[in-house]
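Have a look at the structure below before the remarks.
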Amino acid sequence: MGVQWISNWFERIHQAFPRLAEEAVIKELLWELENTGSDKPMHYILQDLAYHAPWLHAPMAPVILEWVKINPTRINTNRQYCRHILANGETDTIKLAKLASRQIAQPNDPDSIA
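Per this note's numbering, residue 1 is the first one in the sequence shown, and the count goes up by one each step.
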């Protein structure tokens with residue numbers, strides 16, 4: 001899809017039909033999160049969301065937060081993008097702190113500590 005998809009016309013579609021646009025993005029976002037392996041980053045939609053669609057951070061942050069709660073050990077490859085969207089998406093700081101504590105406590109993921 002790429003940057004052109006997310007940054008040009010899609011923002012106007014989102015302005016006109018926010019719920020429909022967000023549902024479409026959520027579907028693609030969850031697909032990428034579910035299908036990204038620890039050794040194979042996809043760079044399908046998550047990277048574009050993180051760096052080229054700040055207007056989608058607030059509606060996508062709760063979706064990412066919920067997915068990470070359910071899949072705490074599967075965020076490794078996408079941690080940077082998810083963290084960026086969560087921080088910029090008006091996520092409650094207490095929720096972010098709890099997420100960070102859970103990630104640090106993962107015994108099988110020493111990279112989470114940093």
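Even glycine gets a Cβ: it sits at the ideal position worked out from N, Cα and C. Keep in mind it's a predicted model, so treat the numbers as computed, not measured.
According to DSSP, Gly89 shares a beta bridge with no other residue. Between Leu96 and Gln103, the alpha-carbon positions lie close to 10 Å from each other. Annotation for Ile85: Leu49, Ala50, His57, Met60, Ala61 and Ile64 place their beta carbon closer than 7 Å to its own, counting only its chain and skipping 5 residues before and after.
In the DSSP assignment, Asn35 falls within the alpha helix (DSSP H) that extends over Pro18 to Asn35. Assignment of Tyr44 by DSSP, reduced to helix, strand and coil, places it in the coil class.
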